[in-house]
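Trainee: First, the structure itself, so that you have it in front of you.
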Amino acid sequence: MQTQRTQQSKPLALAPPSLGLKVLFTALALLLPILLQVFGNAWVRIADFALLYVLLALGLNIVVGYAGLLDMGYVAFFAVGAYMYALLASPQLTNAFPWIAAMFPDGLHTPLYVAIPLSALFAGMFGLLLGAPTLKLRGDYLAVVTLGFGEIIRVFLNNLDRPINITNGPKGIGEIDPLTVMGFPLSRKLDLGFTEIPSVTLYYYLFIVLVGFSILICSRLEHSRIGRAWMAIREDEIAAKAMGINTRNLKLTAFGMGATFGGVSGAMFASFQGFVSPESFSLMESVMILGMIVLGGIGYLPGVVLGALLLAALPEVLRYVAGPLQELTGGRLDAAILRQLLIALAMVSVMLLRPRGLWPSPEHAEQDQISNDDQAEEAHA
Amino acid sequence: MLETHPSTVEINPPPALSVKGVCKSFGGLQALKDIDLNIAQGTIHGLIGPNGAGKTTFFNIISGLYAADAGEFRLLGKPYKPSQVHEVARAGIARTFQNIRLFKEMSVLENVMVARHVRTHSGLLGAIFRTPAFKREEHEIKLRAYALLDYVGIERFASLKAKTLSYGDQRRLEIARALATDPHLLALDEPAAGMNATEKVELKNLIEQIQRDGKTVLLIEHDVKLVMGLCKTITVLDYGTKIAQGSPSQVQKDPLVIKAYLGSSATPTTESSDQKS
């Protein structure tokens, strides 16, 4: 097996991350905010958002990468999670409904341990709600319907301030409680005596833990009975059915699972920002998240994470490149447009040079080693 | 590794597959008219017929891809309804496809592991928390998949992607995948299509091996030589009706079969008299 692997691996293909590389990445991820702080908290904030995008990309990867269901309205679940948390932990509901205010005289401050699971659950339910009517659709048709779904959610959020004010319409919901982990509100500096950890860095560590758990869950799902069935549906739905896979249930599971990730990510976003409005959940966001997983390497976790980090951080980095360029041209170039142009250029060239993504899944199965071990075990037994 | 069914010892075992009065029409075209078919357990049963005779339609009906207009279906004496494809696989019919339908981007091993889905149970939570039951099941799935790959002779390719296999090996993988669902009846749709002579001999040996190990095989095949050499019983379809059934030698002599394959004018007597007149 070993010789086969070396013979057939293509020169361009990246190997799956080895243990050493994983340790290195983890160390780097843990030290990153300390490095970034040197340049200012704004940079840590960019890293925070990049991590939220990694969460979203991981969730969408379950739907698009594993099960092969092209979902163009994924941001809807992000929105549902964000609004769910916003409603549960802000003065919005108590202001709008006197009876809720009467129930919670100190204001509605749902603790983290209740609000996050509820956001996840609610988003998951929306996932099933979207999944159920689209079970028979594939490819482009599914993309169109999911795109519509994403827009419907946004339009609803935009207009649900009348006749009963639930979402506060385009004005959005503010004063959302920051997350409080074990009594420490993440919105305040943590004083360790010798040094202070700013709020953005605290959020960074929370998000990195979440991303770590999400990667673990995704990779465990990938190498399981459910994950294999998802991939079988992606590869050939009829053959999957003929092998006894209940494609209806498994597609719904994929939608639900992906939406749950979106919901958790949304709740994090709401508490981190302290403010949500329908603007944050435009179609462009769905497209960006999809772009991340396609750019990185669809269906392959290291690729998805890489793609998300790049596309989330790139606009911010380019902001600093665009500035000087703008000065050079005497302000004739609009910074925002230039940024878009550079992103587009980067994406087009990446897709031309590496059509399967920056870090696509290797041609050989990763489990090779494990399965050999299994056989060895069996031989001993 | 494929367990033999002890039921062959019984005096009168129910047929592996028994269908009665199967009808199917597509718009105005009646693709199948009142087909009855019994497949005895542990045999290789051939289904032949000229192009457009309704073989693949019949195949798709028993495996649930098309809904029959009428008909009664029994598997090992137990009635089953081929209305949901995945339920048919659960009931115990596994099939291969005329145009190979592997999970191309998955590894050879994973292709077989997928097919264990229907006989295993672990769910989302088991997978996320890696429960002992999940690990045990996963281990069993993997061992079984390796054993099946070994059985069809492509174990050395286990870690390659399915699309990289040669044509003949892809056919073998499809058979291994079908066997992984623990079927009572293995239905092969033109398994020799596009194979060269050597591959055909190997395929023949494999199918015989499967039959010796106690499985019932339904074989649709264009290659008459292969069918005649393999099958105990052959059913011949033409224009959606069953025109003959019997042993290979009986079927070969059947005038209706000769007529269906060679056309009516091919019957020697009529041909010569036509030409003279």
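Top to bottom, those sequences are chains A and B.
Residue numbering for the first sequence is 123 to 503, as defined by my numbering.
Residue numbering for the second sequence is 11 to 287, as defined by my numbering.
We put the beta carbon where it would ideally sit given N, CA and C, even for glycine.
(1) So who's on the other strand from residue 255/B, going by DSSP bridges?
(2) Using a C-beta to C-beta distance shorter than 8 Å, which residues of chain B count as neighbours of residue 361/A?
(3) Anything in chain B within Cβ reach of residue 343/A, meaning under 9 Å, just list it in chain order.
(4) Rank 207/A, 458/A and 393/A by C-alpha distance to the C-alpha of residue 442/A and give the top, closest one.
(5) Strictly by DSSP, which residues pair up with residue 162/B?
(6) From the beta carbon of residue 116/B, is the nearest beta carbon of chain A less than 8 Å away?
(7) Going by DSSP, name the residue or residues bridged to residue 56/B.
(8) Which residue from 249/B, 198/B and 217/B puts its Cα closest to that of residue 228/B?
(9) To the nearest angstrom, how far is it from the Cα of residue 239/A to the Cα of residue 258/A?
(10) Using a cut-off of 9 Å between C-beta atoms, extract the partners of residue 73/B located in chain A.
(11) What residues in the region 211-229 of chain B have a beta carbon less than 9 Å from any beta carbon of chain A?
(12) Among all the DSSP beta bridges, which residues are the ones paired with residue 79/B?
(13) Residues of chain B with CB under 8 Å from residue 471/A, in chain order?
(14) Cα separation between residue 137/A and residue 424/A?
(15) Per the contact definition of three or more C-beta pairs closer than 8 Å, is the region 161-175 of chain B in contact with the region 127-138 of chain B?
(16) With DSSP as the reference, please indicate the residues paired to residue 48/B in a beta bridge.
(17) Beta-carbon within less than 8 Å of residue 80/B's beta-carbon, same chain only, minus the 5 sequence neighbours each way: which residues are those?
(18) So residue 275/A and residue 151/A are supposed to be a Cβ contact under 8 Å. How far apart are they, rounded?
(19) Spell out whether any CB of chain B is found under 8 Å from the CB atom of residue 138/A.
(20) Which chain B residues sit within Cβ distance under 9 Å of residue 115/A?
(21) Quick one: grab the DSSP three-state call for residue 104/B.
(22) For residue 525/A and residue 469/A, I'd like the C-alpha separation in whole angstroms.
(23) Measuring only between beta-carbons, confirm whether residue 376/A sits less than 8 Å from chain B.
(24) If you drop the 5 nearest sequence neighbours on each side, which residues of the same chain put their C-beta closer than 8 Å to that of residue 144/B?
(25) Quick check on DSSP: helix, strand or coil for residue 6/B?
(26) Do three or more CB pairs link the region 383-396 of chain A to the region 172-179 of chain A at distances below 8 Å?
(27) Can you tell me which of the three DSSP states residue 171/B falls into?
(28) Buried or exposed, going by whether 16 or more other CB atoms sit within 10 Å of the CB of residue 82/B?
(29) Could you tell me which chain B residues have their CB closer than 7 Å to the CB of residue 351/A, listed as they occur along the chain?
(30) Anything in chain B within Cβ reach of residue 339/A, meaning under 8 Å, just list it in chain order.
(31) Return the Cβ separation of residue 216/B and residue 182/B in integer angstroms, given the expectation that the two are a contact with Cβ distance under 8 Å.
(32) Would you call the region 339-350 of chain A in contact with the region 101-110 of chain B, where contact means no fewer than 3 C-beta pairs closer than 8 Å?
(33) With a CB to CB cut of under 8 Å and the five nearest residues on each side skipped, what residues in its chain are close to residue 210/B?
(34) Could you check what DSSP says for residue 313/A in three-state terms: helix, strand or coil?
(35) Note down the Cα distance separating residue 242/B from residue 54/B, rounded to an integer number of angstroms.
(36) If contacts are defined as beta-carbon pairs under 8 Å, then residue 377/A and residue 252/A qualify, I think. What distance do you get, rounded to the angstrom?
Mentor: So, from the data block:
(1) 245/B
(2) 107, 111, 112 and 113
(3) 134, 137 and 138
(4) 458/A
(5) Answer is none; residue 162/B lacks a bridge partner.
(6) yes
(7) 229/B and 244/B
(8) 198/B
(9) 30 Å
(10) 364
(11) none
(12) The partner list for residue 79/B (beta bridge, DSSP) is empty, contrary to what the question assumes.
(13) Result: empty, since nearest Cβ-Cβ is about 25 Å, beyond 8 Å.
(14) 10 Å
(15) no
(16) 28/B
(17) 31, 32 and 33
(18) The pair is not a contact, with the Cβ atoms about 32 Å apart (cut-off 8 Å).
(19) no
(20) The structure shown has nothing for residue 115/A, since chain A only spans 123 to 503.
(21) strand
(22) Beyond the ends of chain A as shown, which are 123 and 503, falls residue 525/A; an answer cannot be given.
(23) no
(24) 132, 136 and 137
(25) Chain B is shown from 11 up to 287; residue 6/B falls before or after that span and cannot be answered.
(26) yes
(27) strand
(28) exposed
(29) 124 and 127
(30) 138
(31) 7 Å
(32) no
(33) 202, 233 and 236
(34) strand
(35) 6 Å
(36) 6 Å
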